[in-house]
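K.L.:
Number of protein chains: 2
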Amino acid sequence: MENLQNIRVAVDAIVFGYQNGQLYVLLIQQKFGSAESYWALPGGLVKNDESLNDAVKRELKEETNVEVNYFEQLFTFGDDITRDPRNRVISVAYFALVDPSKLEIKADSDVDKVQWFQINEIPKLAFDHNLILKKAIERLKAKLSYEPIGFDLLPKEFLFSELENLYCTILEKEIERRNFRKKILSFGIVEETENYSPIKTGRPAKLFRFNKLKYKELIKEGIHFEIKFA
Amino acid sequence: MENLQNIRVAVDAIVFGYQNGQLYVLLIQQKFGSAESYWALPGGLVKNDESLNDAVKRELKEETNVEVNYFEQLFTFGDDITRDPRNRVISVAYFALVDPSKLEIKADSDVDKVQWFQINEIPKLAFDHNLILKKAIERLKAKLSYEPIGFDLLPKEFLFSELENLYCTILEKEIERRNFRKKILSFGIVEETENYSPIKTGRPAKLFRFNKLKYKELIKEGIHFEIKFA
DNA sequence: GCAAAAGTGTTCGTACTACACCCATGG
DNA sequence: CCATGGGTGTAGTACGAACACTTTTGC
Numbered sequence: 007m008e009n010l011q012n013i014r015v016a017v018d019a020i021v022f023g024y025q026n027g028q029l030y031v032l033l034i035q036q037k038f039g040s041a042e043s044y045w046a047l048p049g050g051l052v053k054n055d056e057s058l059n060d061a062v063k064r065e066l067k068e069e070t071n072v073e074v075n076y077f078e079q080l081f082t083f084g085d086d087i088t089r090d091p092r093n094r095v096i097s098v099a100y101f102a103l104v105d106p107s108k109l110e111i112k113a114d115s116d117v118d119k120v121q122w123f124q125i126n127e128i129p130k131l132a133f134d135h136n137l138i139l140k141k142a143i144e145r146l147k148a149k150l151s152y153e154p155i156g157f158d159l160l161p162k163e164f165l166f167s168e169l170e171n172l173y174c175t176i177l178e179k180e181i182e183r184r185n186f187r188k189k190i191l192s193f194g195i196v197e198e199t200e201n202y203s204p205i206k207t208g209r210p211a212k213l214f215r216f217n218k219l220k221y222k223e224l225i226k227e228g229i230h231f232e233i234k235f236a
Numbered sequence: 007m008e009n010l011q012n013i014r015v016a017v018d019a020i021v022f023g024y025q026n027g028q029l030y031v032l033l034i035q036q037k038f039g040s041a042e043s044y045w046a047l048p049g050g051l052v053k054n055d056e057s058l059n060d061a062v063k064r065e066l067k068e069e070t071n072v073e074v075n076y077f078e079q080l081f082t083f084g085d086d087i088t089r090d091p092r093n094r095v096i097s098v099a100y101f102a103l104v105d106p107s108k109l110e111i112k113a114d115s116d117v118d119k120v121q122w123f124q125i126n127e128i129p130k131l132a133f134d135h136n137l138i139l140k141k142a143i144e145r146l147k148a149k150l151s152y153e154p155i156g157f158d159l160l161p162k163e164f165l166f167s168e169l170e171n172l173y174c175t176i177l178e179k180e181i182e183r184r185n186f187r188k189k190i191l192s193f194g195i196v197e198e199t200e201n202y203s204p205i206k207t208g209r210p211a212k213l214f215r216f217n218k219l220k221y222k223e224l225i226k227e228g229i230h231f232e233i234k235f236a
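Just so you know, the sequences run in chain order A and B.
Just remember that the numbering used here sits 6 ahead of the position in the first sequence, which is counted from 1.
Just remember that the numbering used here sits 6 ahead of the position in the second sequence, which is counted from 1.
(1) From the DSSP output, which residues share a beta bridge with threonine 82 (chain B)?
(2) I need the straight-line Cα distance from alanine 61 (chain A) to lysine 53 (chain A), nearest angstrom please.
(3) Pairing CB atoms from the stretch 96 to 105 of chain A with CB atoms from the stretch 116 to 132 of chain A, are three or more of them under 8 Å?
(4) Exposed or buried, tyrosine 30 (chain B), counting other C-beta atoms within 10 Å across all chains shown (16 or more means buried)?
(5) Quick one: any contact between the stretch 107 to 116 of chain A and the stretch 75 to 95 of chain A, if contact means 3 or more CB pairs under 8 Å?
(6) What are the residues in the stretch 52 to 64 of chain A lying within 9 Å of chain B by C-beta distance?
(7) Under 8 Å, Cβ to Cβ, is there at least one residue of chain B near aspartate 85 (chain A)?
(8) So what's glutamate 232 (chain B) in DSSP terms, helix, strand or just coil?
(9) Got a sec? Which residues, its chain only, sit under 6 Å from glutamate 232 (chain A) by beta carbon, not counting five neighbours each side?
(10) Listed in chain order, which residues of the stretch 66 to 93 of chain B have Cβ atoms closer than 9 Å to some Cβ of chain A?
(11) List the residues of chain A whose Cβ lies closer than 7 Å to the Cβ of isoleucine 13 (chain B), in chain order.
(12) Identify every run of the beta strand (DSSP E) within the stretch 129 to 205 of chain A, keeping only runs that are complete inside it and at least 3 residues long; order them along the chain.
(13) Cβ of lysine 119 (chain A) within 8 Å of Cβ of glutamine 35 (chain A)?
(14) Taking Cβ to Cβ, would you say aspartate 243 (chain B) is nearer than 8 Å to lysine 67 (chain B)?
(15) Assuming contact is defined by CB atoms lying nearer than 8 Å, are valine 196 (chain A) and isoleucine 205 (chain A) in contact in what I supplied?
(16) Cutting at 7 Å between CB atoms, please list the residues of its own chain near glutamate 78 (chain B), excluding the five before and the five after it.
(17) What does DSSP give as the partner residue(s) for glycine 50 (chain B) in the beta ladder?
(18) Alpha carbon to alpha carbon, how far is isoleucine 224 (chain A) from phenylalanine 193 (chain A)?
(19) With 7 Å as the limit, tell me which residues of the stretch 92 to 118 of chain B have their beta carbon closer than that to any beta carbon of chain A; keep them in chain order.
(20) Please work out which residues of its chain come closer than 7 Å, Cβ to Cβ, to leucine 213 (chain B), disregarding the five sequence neighbours upstream and downstream, and give them in chain order.
(21) If you reduce the DSSP assignment to three classes, tell me which class methionine 7 (chain A) lands in.
(22) May I have the straight-line CA-CA distance separating phenylalanine 81 (chain B) from glycine 49 (chain B), to the nearest angstrom?
(23) Looking at the secondary structure, which residues open and close the alpha helix (DSSP H) in which aspartate 60 (chain B) lies?
(24) Here's the rule I'm using: 16 or more other beta-carbon atoms within 10 Å means buried, otherwise exposed. How should glutamate 227 (chain A) be labelled?
(25) Thinking just about the alpha-carbon of each residue, which of A:Leu160, A:Glu144, A:Ile155 is nearest to the one in glutamate 178 (chain A)?
(26) Is DSSP giving lysine 226 (chain B) helix, strand or coil here?
(27) Rank A:Leu33, A:Asp105, A:Arg64 by C-alpha distance to the C-alpha of glycine 23 (chain A) and give the top, closest one.
(28) Helix, strand or coil for tyrosine 221 (chain A)? Go by DSSP, reduced to three states.
(29) Please report how far the alpha carbon of lysine 218 (chain A) lies from the alpha carbon of isoleucine 96 (chain A), in whole angstroms.
(30) Looking at the secondary structure, which residues open and close the beta strand (DSSP E) in which lysine 108 (chain A) lies?
(31) Can you tell which of B:Ala16, B:Asn185, B:Ser167 has its C-alpha closest to the C-alpha of glycine 208 (chain B)?
(32) Alpha carbon to alpha carbon, how far is asparagine 93 (chain A) from leucine 47 (chain B)?
(33) Do the CB positions of asparagine 59 (chain B) and aspartate 85 (chain A) come within less than 8 Å of each other?
(34) Helix, strand or coil for valine 120 (chain B)? Go by DSSP, reduced to three states.
(35) Looking at the secondary structure, which residues open and close the beta strand (DSSP E) in which tyrosine 30 (chain B) lies?
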């Protein structure tokens with residue numbers, strides 16, 4: 007029907023992490039990179055007998071030692087034909103949210119370095135990866151307002167002030183503490199634990215936990231989570 | 007680095023149309039289809055030197071004679087390795103909204119038939135196209151609530167009752183006419199025209215038009231369009 | 001004058017906004 | 001007793017929900 011198609015299929019992973027009031031993304035540097043050896047998103051070519059989802063998981067594990075169980079498909083980049091100067095490559099980008107304190111990153115296989123980069127200190131990346139990352143950040147911001155994804159970025163038990171800070175940081179907005187707390191608690195998907203923060207300054211703060219089960223029930227009932235800001 | 011990758015890249019188009027109070031989708035039947043010759047979404051393999059976006063446009067034009075200027079990327083289907091039994095094929099699905107009255111559909115190139123199918127009378131489709139369509143419908147419903155996409159499906163000038171009906175049909179919900187009208191008009195993105203409906207039953211109805219410019223201004227100002235229902 | 005669809009206003013309740021002070025602990 | 005963050009209540013407002021009758025035309 008047509009000349010033989012010669013297009014490669016790759017996947018890229020945008021892994022966001024939150025720690026100490028800052029949003030980070032996981033980047034790698036290839037060992038045998040193209041001349042300039044820019045930092046890049048983890049990723050690589052999909053194998054013939056492997057689903058796209060498995061491909062991202064595998065590449066991420068291989069390159070950074072990070073294992074993630076939930077990836078969301080972000081977008082497929084294939085409009086710029088020369089985005090990879092070597093071949094025609096389209097890339098299916100996936101993003102994930104993790105708590106960095108639970109992970110041990112490690113440069114593996116063909117990778118030279120792995121590192122968390124603060125989101126507003128991103129260098130020029132390989133290929134169109136700056137563009138991909140930009141789109142991922144937009145999606146993250148949007149999702150934060152209508153899905154309780156903040157909890158994936160935090161430890162199992164967390165302070166309300168951390169959650170609050172996470173929203174401020176990602177959305178780059180001030181929020182009103184009292185109203186934010188009321189709003190979040192009103193959904194009933196965040197519960198107090200018996201524990202208190204080990205931080206020994208100021209009044210001891212209760213630790214909270216996210217009730218995933220409750221959240222799923224509410225979704226079934228059609229209640230939709232939404233956080234707005236002034 | 008690895009064995010030669012052998013994955014084909016296709017695009018598929020989900021073209022939604024609205025007419026006479028019904029939502030339709032455009033399907034084709036291949037001439038030399040696989041045995042069963044199921045109906046299918048328009049689409050095909052991407053050329054080596056062609057962007058994904060151009061590929062959907064070309065395929066749609068070739069197969070159905072329909073020209074669309076705005077496609078939105080829906081999702082990339084590539085987790086089911088055997089979704090096409092002949093080869094490993096991943097498909098980047100795009101969707102578009104059109105006013106069918108402005109189009110002349112015509113089976114072209116390798117296509118035997120082209121037809122609008124009402125959304126709740128979809129037969130079993132080729133490959134995983136039922137799944138793709140399902141996802142497209144979900145996205146359409148979601149988008150309808152927070153973007154004024156209804157206007158892409160209607161003629162330039164339309165009746166309020168048509169708009170109202172469009173929302174009811176797509177969302178499969180009753181809506182409250184008075185509140186709906188107030189809400190839509192409150193955004194200021196829909197204007198009265200001087201014209202009246204040619205329908206000669208009941209009180210003559212004003213025709214309205216969508217003010218795209220005004221909408222873009224409001225977006226810049228950060229106002230976000232949202233329609234909720236009881 | 002009746003059938004058929006278009007057009008419209010008000011009340012009520014809920015949910016978001018804005019705002020400032022007290023609390024519990026460690027040093 | 002002071003410094004540090006944690007924790008809370010209330011009043012005003014704006015927006016969505018519910019609801020039914022009048023208007024204009026063709027036949």
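We put the CB at the ideal spot given by N, CA and C, even for glycine.
P.N.:
In terms of the structure at hand:
(1) Against the second sequence, residue 82 (chain B) aligns to sequence position 76. DSSP output for threonine 82 (chain B) lists B:Val98 as bridge partner(s).
(2) Taking the first sequence and counting its residues from 1, one reaches residue 61 (chain A) at position 55. Taking the first sequence and counting its residues from 1, one reaches residue 53 (chain A) at position 47. Cα to Cα, alanine 61 (chain A) sits roughly 7 Å from lysine 53 (chain A).
(3) no
(4) Taking the first residue of the second sequence as position 1, residue 30 (chain B) is located at position 24. Tyrosine 30 (chain B) is buried by the Cβ-count criterion.
(5) no
(6) Val52, Lys53, Asn54, Asp55, Glu56, Ser57, Leu58, Asn59, Asp60, Ala61
(7) For this step, residue 85 (chain A) is matched to residue 79 along the first sequence. Yes, aspartate 85 (chain A) counts as interfacial toward chain B.
(8) Here residue 232 (chain B) corresponds to residue number 226 of the second sequence, with the count starting at 1. Correct three-state label for glutamate 232 (chain B): coil.
(9) Here the question's residue 232 (chain A) lines up with position 226 in the first sequence. So the qualifying residues of the chain are Tyr152.
(10) Gln79, Phe81, Thr82, Phe83, Gly84, Asp85, Asp86, Ile87
(11) Taking the second sequence and counting its residues from 1, the one referred to as residue 13 (chain B) is at position 7. Near isoleucine 13 (chain B) (Cβ distances below 7 Å), the residues of chain A are Val15, Val52, Asn54.
(12) 163 to 165, 196 to 202
(13) As a first step, residue 119 (chain A) is located in the first sequence; it is residue number 113 there, counting from the start. As a first step, residue 35 (chain A) is located in the first sequence; it is residue number 29 there, counting from the start. Their beta carbons are under 8 Å apart, which means lysine 119 (chain A) touches glutamine 35 (chain A) by this criterion.
(14) Lying before the first or after the last residue shown, residue 243 (chain B) is absent from chain B, which here runs from 7 to 236.
(15) Numbered from its first residue, the first sequence carries residue 196 (chain A) at position 190. Numbered from its first residue, the first sequence carries residue 205 (chain A) at position 199. Their beta carbons are not under 8 Å apart, which means valine 196 (chain A) does not touch isoleucine 205 (chain A) by this criterion.
(16) Residue numbering aside, residue 78 (chain B) sits at position 72 when the second sequence is read from its first letter. Closer than 7 Å at Cβ, skipping near neighbours: Tyr100, Phe101.
(17) Residue 50 (chain B) sits at position 44 when you count from the first residue of the second sequence. Bridge partners of glycine 50 (chain B): B:Val17.
(18) As a working note, residue 224 (chain A) is residue 218 in the first sequence. As a working note, residue 193 (chain A) is residue 187 in the first sequence. This sequence places leucine at residue 224 (chain A); isoleucine is not what is there. Those two C-alpha atoms are separated by around 9 Å.
(19) Arg94, Ile96, Val98
(20) In the second sequence, counting from the first residue as 1, residue 213 (chain B) sits at position 207. Correct list, in chain order: Glu163, Phe164, Leu165, Thr199, Asn201, Tyr202, Ser203.
(21) Taking the first residue of the first sequence as position 1, residue 7 (chain A) is located at position 1. Below a pLDDT of 50, predicted positions are generally treated as unreliable, and methionine 7 (chain A), at 49, falls in that range; no measurement from the model is reported.
(22) In the second sequence, counting from the first residue as 1, residue 81 (chain B) sits at position 75. In the second sequence, counting from the first residue as 1, residue 49 (chain B) sits at position 43. Computed Cα separation, rounded: 14 Å.
(23) Position 54 of the second sequence holds residue 60 (chain B). 58 to 70 is the extent of the alpha helix (DSSP H) around aspartate 60 (chain B).
(24) Here residue 227 (chain A) is taken as the residue at index 221 of the first sequence, counted from 1. By the 10 Å Cβ count, glutamate 227 (chain A) comes out exposed.
(25) Reading the first sequence from its first residue, position 172 is the one you call residue 178 (chain A). Per the Cα distances, A:Glu144.
(26) Counting from 1 along the second sequence, the entry for residue 226 (chain B) is found at position 220. Reduced to three states, the DSSP call for lysine 226 (chain B) is helix.
(27) Position 17 of the first sequence, counted from the first residue, corresponds to residue 23 (chain A). Glycine 23 (chain A) has its Cα closest to that of A:Asp105, out of A:Leu33, A:Asp105, A:Arg64.
(28) By 1-based counting over the first sequence, the position of residue 221 (chain A) is 215. Of the three classes helix, strand and coil, the one that applies to tyrosine 221 (chain A) here is helix, per DSSP.
(29) Against the first sequence, residue 218 (chain A) aligns to sequence position 212. Against the first sequence, residue 96 (chain A) aligns to sequence position 90. Each residue's alpha carbon lies about 35 Å from the other.
(30) Taking the first sequence and counting its residues from 1, one reaches residue 108 (chain A) at position 102. No beta strand (DSSP E) contains lysine 108 (chain A), which DSSP labels as neither H nor E.
(31) Position 202 of the second sequence, counting from 1, holds the residue named residue 208 (chain B). Of B:Ala16, B:Asn185, B:Ser167, the residue nearest in Cα terms is B:Ser167.
(32) Within the first sequence, numbered from 1, the residue matching residue 93 (chain A) stands at position 87. Within the second sequence, numbered from 1, the residue matching residue 47 (chain B) stands at position 41. In a straight line, the C-alpha of asparagine 93 (chain A) is about 29 Å away from that of leucine 47 (chain B).
(33) Here residue 59 (chain B) corresponds to residue number 53 of the second sequence, with the count starting at 1. Here residue 85 (chain A) corresponds to residue number 79 of the first sequence, with the count starting at 1. For asparagine 59 (chain B) and aspartate 85 (chain A), yes; Cβs fall inside 8 Å.
(34) As a working note, residue 120 (chain B) is residue 114 in the second sequence. Strand at valine 120 (chain B).
(35) Stepping through the second sequence from its first residue, residue 30 (chain B) is reached at position 24. Note, tyrosine 30 (chain B): beta strand (DSSP E), 28 to 36.
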